[in-house]
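All remarks here apply to the structure that follows.
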Amino acid sequence: MEKRKDKAKEDLNSLKMDYKKLHRSVRTASLGKMSEQWQQKIQEEKTKADQWEKKFQDARARKVTLEKSLLECQNKQMGLKARVIELEKSLHQYRSFNFAIELKASLGKIEELKGRVGELEDALQNSELQI
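Last residue of the sequence shown? That's 132 in my numbering, and every number before it is there in order.
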């Protein structure tokens, strides 16, 4: 009976050892799976971060392009404003020149009419003298 008792103790100890080994291997296997899940999650987060970084870089590039375009438009606007000022000045000079020509023409017409009035006055005086 003693032998059986010792044998039962040995078997029990052996079963305990097997249980511990099995328990360790289950834990290791589940930790391994958890580790794989964490690695996958980390990779997904890295991918998301890379996508956001790309979006940020694209937005920054668009901003630079828009700022450059804005500067070009502002320069063009300044050029157009200068051209408008130049054209307004030319228009004013043209109007002044036309006014001077019209004024000279009017003065010529006035002188012509004065001469005609003088002729008519002379004719009137001659007519009065004859009467």
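A virtual CB, placed ideally from N, CA and C, is assigned to each residue, including glycine.
Query: Distance, Cα to Cα, Lys1 vs Leu13?; Result: Since the displayed the chain opens at 2 and closes at 132, residue 1 lies outside it and no answer follows.
Query: Would DSSP call Met2 helix, strand or coil?; Result: coil
Query: Distance check for Leu88 and Gln94, CA to CA, integer angstroms please.; Result: 10 angstroms
Query: Does the Cβ of Val65 lie closer than 8 angstroms to at least one heavy atom of the ligand MG?; Result: Annotation note on the ligand MG: not contained in the displayed structure, which lists no ligands.
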